[in-house]
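Asker: Each number in my numbering comes from the position in the sequence shown (counting from 1) with 24 added on.
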Amino acid sequence: MTGVDSPASLSKFDLEKLVKQNGGAVFQSEKSQRHMRVIADRGIVNSAISAYGEIIKVAALKKRGTHDILRPRWLLDSINMGFMLPLEPR
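Have a look at this one:
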């Protein structure tokens, strides 16, 4: 997606499409795969709390420390660089 500089301009569908276009897979449940990275944005998650309870799910994953929680910015930067950027320790 050329010209996309801000994760705020991307919908969930757009992010999923970018993941798939760049060799990734999309799962709706954290139990689907053992070594999965979760893309979550604080602003998007907070706005979805009343409708979907997403903040509870992401907070629970973060607390367990079983999955890497990444921001959409990491995905965009990795795509622009042509490789997966290194992750910070959990």
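Cβ atoms here follow ideal geometry from the backbone N, Cα and C, with glycine treated the same way.
So for D65, helix, strand or coil by DSSP?
Answerer: In this structure, D65 counts as coil in the three-state DSSP scheme.
Asker: For A84, count neighbouring Cβ atoms within 10 angstroms of its own Cβ and tell me buried if that reaches 16, exposed if not.
Answerer: It is exposed - the Cβ of A84 has fewer than 16 other Cβ atoms within 10 Å.
Asker: Per DSSP, what are the beta-bridge partners of I93 in this structure?
Answerer: Its beta-bridge partners are V62.
Asker: Quick check on the DSSP output: the alpha helix (DSSP H) that includes L109 runs from which residue to which?
Answerer: Element bounds for L109: n/a, residue is neither H nor E.
Asker: Between the Cα of K55 and those of G48, K81, L94, spot the shortest distance and give me the residue it belongs to.
Answerer: The option with the nearest alpha carbon to K55 is K81.
Asker: For K86, tell me which candidate among G47, K41, E40, V62 has the shortest Cα-Cα distance.
Answerer: Nearest option by C-alpha distance: V62.
Asker: So L7 and L39 are supposed to be a Cβ contact under 8 Å. How far apart are they, rounded?
Answerer: Residue 7 lies beyond the stretch modelled for the chain, which goes from 25 to 114, so this question has no answer here.
Asker: Could you please give the first and the last residue of the uninterrupted alpha helix (DSSP H) stretch that includes F152?
Answerer: As shown, the chain starts at 25 and ends at 114. That puts residue 152 outside it, with no answer to give.
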